[in-house]
Every structure is written in C-alpha cells, then in structure tokens.
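If you read the sequence shown in full-length UniProt numbering, its first letter stands for residue 1, the second for the next number, and so on.
Don't be surprised by glycine CBs; every beta carbon is placed ideally from N, CA and C.
The block underneath contains the structure these notes are about, expressed in structure tokens.
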Amino acid sequence: MLCCVYVSSGFLPIDNYLIDCGSSTNTSVDDRVFVADDFDSNILSTPQDITVNTKSNSISSIYNLSLYQTARVLNGTSQYNFSINKSGRHWIRLHFYPFVDKNLNLSTARFSASAQNFTLFKNFHPQSSPVVKEYILNLTSGHLLVIFTPSSNSFAFLSALEVVSLPDELIPITAHSISSPGGDRDLSKLALETVARVNMGNESILPHNDTLWRYWDSDESYLQQKYLATFVSRTEAVNFSRGWPTENVAPKLVYGTASKLNSIKEPNLVANLTWSFELDPGFSYLVRYHFCDIVSSSLGQLYFNVYAQSELVKQHLDLGSVTSNTLGAPYYMDIIISLGDSRVLNVSVGTSSVANAYPDGILNGLEIMKLSTSKGSLDGSDREFQSTKPSSTKKAILIVGGLVIGVAFLLSVVILVLILMCRRRRKLVHDNESMTPDIYDAIGGSSYTLGSKNSNGAAITAVSNMGYRIPFVAIQEATDNFSENLVVGVGGFGKVYKGVLRDQTIVAVKRGGSQTSQGLAEFLTEIEMISQFRHRHLVSLVGYCDERNEMIIIYEYMENGTLKNHLYGSGLPGLIEWAMKWQKRGLLEEVLDPKLLGKVSSESLRKIGETAEKCLAECGLDRPTMGDVLWNLECALQLHLDEERSDGIVALSSQVFDIHQSESESILPNSSTQFDMTCVADLDGVSVSRVFSQMLKSEMRFKLKFELWQSTWHG
C-alpha cells in the first residue's frame, strides 16, 4: 500500500494520494511529497512494468521539473484503484509530459481515460509541453478506479497522479442556470473539469501559494481592450473576518489583486471590461466570479453590472450589501451557462446606471468548469447541444404563419412605395417651381427663402446669401448615394463625403449621422457662422440640405488636404513632442524659425508655450476653452507689443476691450432678423484672432436668440 505525505498550513485532506509515476524514489515538490510508483502495490494494475525517464533540465512547468523526468508507460488497459475514506468531492489531477526516451517517443501516445463511470477524455494526444488535467468527482463509494485505455496500436503514459479530497464548501450542491430553461441545477451527480482558473490584476499564482495547490493564470492573455483596464494589487485590504468564504475557496492573493475599469479620466464612461475564453461547444459550464472591494475607501462607492455571454448576471452589484457591510470582504458568485454551438465564452463587468454611481467595475478572479453531459462524458467529441428545432406540427404552423405575414408585409411595402413615389413627384414639382432653373451652375449670391421642419416639427426660416438649399437628390447624385468609397472623414457630427456637382465642382459633404451628438441649434449655428466669413484660411460654404430631417452641409473641397493631414500626416516628424520637450526645459525659443530669433518677446513666447501645453492636457477637463485660448494669445500679443513700444506700457484690459468693441462694430453688424445669415465682406485683411474672437461672441448671441425663439414657439 502506497503512503503519501502532505504538509499544508491550510486544509488537511483525509484522502490524499500523490504518486510520481515511473519513479523509483519519492519526489519532494515544495512542502508535498509524491511517493515512488510501485508496480507491485495493490493500487496499480497494468500488463507490464514499463517506466521511462529523461535527464532533461529544460522542462518548463509550473510544477517541479523532477515530477516530469519519469513516466509510467501503459501498453494495455490499466487502472489505479484507490481506497476512499471520506465521501464527497475529490480532485483527480493527471500530469503528462511527452519526452523522448531512448526506446520510446511519448508524444506518439494516444489513449483515453475514465473514472467512476465518467469519461474524462478520448484519444488524448499530448504534444510537447507538460499538461495538467484537473477533474472534480463526487465519490460516494469506498473505492475509486481511474482507468487508462490505449488507442489501437498505441499506448498510454502518465507522469504523475493526484487524488485528494476537497473541502465541502468548495463546490455547491446546486447552482443557478442563466441559460434556458433556467432555474437551479443539481451538481451532485455531475463530474467537473477545470478549463480556466484566472487571477485578475495581471498576476499569476503558483500552486505552493494556494492551500489546495491550484495554479491561477494571469488574466492578461484573456483580457480584451486592455486600455480600459487598470491593474490593482492590495492584499492588505483583504478582510477574511466574516469567516466565509475561506482561503480554501480562493487564496488571499486572488482577492488582493483585481482588474478594474479605468474610468478615472472619463467620468461619463459607459463600457465593459471583457475576458474571452475558448471552450468546447455543446457543454454547460459552471462559472465562478470572485470579488473583493480593495479599491474603495468606504462602503457604498462601488456599483457595477456583471455579464456572461452578453447576458446580465447581476445588476447594480454592491459588494457591501452582500458582505454584511464589511469592506474588503471576499465574495464569490456561481452561475451555469450553456454554450450551445459557440466556441467562445465572454465574461464582463461594466458600469451601472444607479443614480450618482461613478462608472466602475471590478473582478478579482474567475474559474470556469465544464459539466459532464447526460451520458457522463467530459470529452469534447461528446458535445450535447440543446435542441432548438421545432416539432413537425409547430414547423407547419410556422410555415403557414410565415407565408401569411410575408404576403401581408409585401402588400404593405408596395402600397408604401406607391405613396412615397407620389409624394416625391409632387415635392420635385414644388422644388422646381421654387428654385432657380439650374442650381448647380450657381454656387452662391442669390437670396433664397427656406421653409422646412426639424425632427420635432418646429419650422426653420431664414434669409441668406450663403448659397443654395440643395435638394437631397442632388446630393445623393454627387456622392454616388453616399458611397462608403467616397468617405474622406468621420467625426462627432457624422461622415464627410467627397462629391462632384453637375457643374464638376468638387465639394465636401458633411452629413449628420443618426447618432450625432449635435442637434438643430448647432446645425443652424454652423451654417450662419461659416456663411458670414470669407477668408483665405477658412473653408467656404457651398450650400446645405435639411430635407427628410437631414442635416447636411456642403463645403468647398480642400484639394491639398486638411490642416490635420499636414500636421500629423505620415512621414512627418512629431512636432508636438519635440516642441513640448523644449517647453518643459524652459527653452521654447529652440523651436523658433531662425529668422524670428531675437524678434519675439521672451514673455510673449512663454505665454504662448504655457497655452499650448494646457491645450495638450490628457484629460479634457484640464484643457482651456476657446475663449481662454483666445484671451491668452491676445495677452501674448500684448506682451510682445508692449516690449516693442518705446513710449510706455498701455493697459492690456482697456486695449482688449477696444479690440472687442471695434470687432462688434466693424466685423458683424447687429441684426434684428431671427437666425440672421447676412453675408459680410471678404475678410482677407482681418486677423484670424479677430475672426475667431467674433465667432465665439456670435455663437453665444445665436444661442440666446435660439432659446428665445424656442420659448416663444412652445409658449
């Protein structure tokens, strides 16, 4: 009879068999001892006594390499027979390492294994690196048989074997299924196979740091969109004082590390942290989530949602409420999910919609265990799909119902198309009567009165010299019906298309998308403001379209590319990083053109550098507004002019006031017309600073008028 030694500061199993297969001596692995494999014992039954060994020291494994330097070869059906002293759940861990012996290449082995009437695997073919297969069986008799059966003309082998009883708390009797038909599912008569055991926080945990000698893999290779995650490690924050769960469920190192949703810089973030696992399809899986709030300074700060395969598992999870208001207390949650024909399982944590809840989400650990099928198999070839095919009677009903619905739908579509065609014909006649005969040959200059409806039914009226209200059909023709091949840019407003009008004018067509964050007010503001300026540095407005609730603006096309392309185009050096390097050293003059050296005020240059550095702040809240930028640039200009003047310093505030006042009088005259779009003279001689200064004031003035109009209309 083989004896086994197990030393642990935690759980002490009653049944504990550790065997170093093929070895003639005991092997110590940290504080455990794997005993020598004895062919003459009453545990092993095999046709022949065949052992192999290797002297290789290059074995890469989470366990001691000496455990994989020997192996027992089983050239016929063989079995290990263990006496079981305590009924209940037991580990069965099988270790394999296919090395090359002088007479045998273990990588050519092909075999199956079973235990307690459960099929563990079939035609297993280990390749090159060490493999550990871990199973959990509920043993109710006094004996356990682990049987190995070689495939035809092949053999089996085993490097090490563990049979260890488990704490009762580890695996529940039942678990809730989120897959149809739902409800609680009995686990007591099922075998389980561990397919994933992951520690979050980008840290792995070796077996000797776990009371049950489990290996916890790092989540780094499973985590999707890593930029959304922050890795946290605070083992000192873990509080086991509640007494449940214990470290037998998961060690302190698991609960003391976490992957957390990185929302510090985005207080309005709505996102999920997702981990993906490749699994065998056609099986159900027990998924265990491990949680511990090691990130909060007090209770009530952490709320988040938990998902599995896009299904909501737990909404608005508050770890304080499920741990008796104990901060830092471990907590785990079990679910069962069926994959069907899917090969990937996604688990996620994400932001909660609880009022005033900061966008957050945290996960400390995750375990995934495959459940045996109704035939008692865990092998991937014995997948058990849930039948989704209807019966023949239901199928006939569905076919007849589908035909009836299809015919009704087709008739509805035909009627709707006829109605739309009639309305479109009337609308085209009306448009032709209202417009200049050929709107494509004139790109601006005539006044035109527009009347339309926004999405809320409010009327929009304006008189403008900005160009023409171009029909939607003309824009469709110019952009080849908004072809994706003509997209030249995408932004918050929508997509920008390159188009060609009938007079061969190349234009840029900006079309507001259905998900655009801009609304009617911003649409009208942009039309009004752009139409009022003619400047060599500003793109000109060609026209617009608000038919069919569209928000489309047509600009002249920038043949030479955008400013962004020139600043950040491929092959160009990173000017921002280069300039900021000198700015942080206080030597911004190093980036000046040699012709400007000695001609720019040092104080003015310092002010410009500070403003630019603030504009490049990583967090949007730290960046200045356009008004602040304009003020700082005017201040920098004033500092430069003051240094040049020889007759003293003039007060900056009075001069800025004079500039603003003169701009109001000379650039944009006051208008009493609602949504005034009166074109102004060409601004080639006006400074860009003054142009943008007036744009800011004009936008504020327009918003006030729009709010007044809105209150009057709805009042």
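Pick helix, strand or coil for residue i, following the three-state DSSP scheme.
i, result
"K260", "strand"
"G489", "strand"
"E367", "strand"
"S412", "helix"
"S455", "Note that S455 has pLDDT 35, beneath the 50 cutoff, so the model's placement of it is unreliable and no number is given."
"C615", "helix"
"L708", "In this prediction, L708 scores a pLDDT of 43, lower than 50, which makes its location untrustworthy; the coordinate-derived value is nonetheless stated afterwards. Looking at L708 - three-state DSSP - the assignment turns out to be helix."
"L18", "strand"
"Y215", "coil"
"F304", "strand"
"Y285", "strand"
"Q225", "coil"
"E556", "strand"
"residue 756", "A query on residue 756 cannot be resolved here, the shown segment of the chain reaching from 1 to 715 and no further."
"T25", "coil"
"S353", "coil"
"T625", "coil"
"L327", "coil"
"R197", "strand"
"F240", "coil"
"L520", "helix"
"H208", "helix"
"residue 716", "Outside the modelled stretch of the chain, which goes from 1 to 715, sits residue 716, for which no answer is possible."
Check the DSSP bridge columns for residue i and list the partner residues they point to.
i, result
"H95", "V132, A160"
"E634", "In the DSSP output, where bridge partners are listed per residue, E634 has none listed."
"S114", "T119, I147"
"Q79", "S45, I147"
"G183", "S177"
"K581", "None; K581 has no bridge partner."
"M333", "Y289"
"A478", "None, per the DSSP bridge assignment."
"W275", "L223, V347"
"A36", "D20"
"V311", "Note that residue 311 corresponds to Glu in the displayed sequence, not to Val. Paired residue(s): A308."
"H640", "DSSP lists no partner for H640."
With C-beta atoms as the reference, is residue i less than 8 angstroms away from residue j?
i, j, result
"F493", "K510", "yes"
"N16", "V164", "yes"
"A508", "I335", "no"
"F308", "V322", "With the sequence shown as reference, residue 308 is identified as Ala, and Phe is not the correct amino acid for it. Not closer than 8 angstroms, so no."
"V35", "T51", "no"
"S296", "L339", "no"
"S177", "D219", "no"
"S342", "P281", "yes"
"D168", "R197", "no"
"P359", "L261", "yes"
"T70", "S23", "yes"
"Q315", "T274", "no"
"A329", "N239", "yes"
"L345", "Y331", "no"
"R606", "C615", "no"
"F155", "N75", "yes"
"G243", "L166", "no"
"I173", "K86", "no"
"A191", "S381", "no"
"S96", "S56", "In the sequence as displayed, the identity of residue 96 is Phe instead of Ser. No, they are not a contact pair."
Rounded to whole angstroms, how far is the Cβ of residue i from the Cβ of residue j, which I believe are closer than 8 angstroms?
i, j, result
"L158", "L104", "Contact doesn't hold; Cβ gap of about 14 angstroms is too wide."
"G365", "V349", "Rounded, the Cβ-Cβ distance is 12 angstroms, inconsistent with contact."
"F121", "D379", "5 angstroms"
"T211", "G10", "3 angstroms"
"I171", "L145", "So it is not a contact: roughly 21 angstroms between Cβ atoms."
"T27", "D20", "4 angstroms"
"S151", "R110", "4 angstroms"
"I506", "E526", "Not a contact, Cβ separation roughly 21 angstroms."
"N199", "V254", "5 angstroms"
"P471", "E547", "7 angstroms"
"H143", "I84", "6 angstroms"
"K370", "Y285", "6 angstroms"
"F118", "L137", "7 angstroms"
With a threshold of 8 angstroms between beta-carbons, can residue i be considered close to chain B, or not?
i, result
"E522", "The chain labelled as chain B is not found in the depicted structure, where only one protein chain is given."
task = State whether the region 230 to 240 contacts the region 401 to 412, with contact taken as three or more CB pairs (one from each stretch) at a distance under 8 angstroms.
result = With the cut-off at 8 angstroms, the region 230 to 240 and the region 401 to 412 do not touch.
key: Contact the region 238 to 255 vs the region 298 to 312: 3+ CB pairs below 8 angstroms   = Taking 8 angstroms as the limit for Cβ pairs, the verdict is that the region 298 to 312 does not touch the region 238 to 255.
message = Taking 8 angstroms as the cut-off, does the region 126 to 144 touch the region 42 to 50 (at least 3 CB pairs, one atom from each stretch)?
response = no
message = Measuring CB atoms only, is the region 537 to 546 touching the region 577 to 585, in the sense that at least three cross pairs come out at less than 8 angstroms?
response = no
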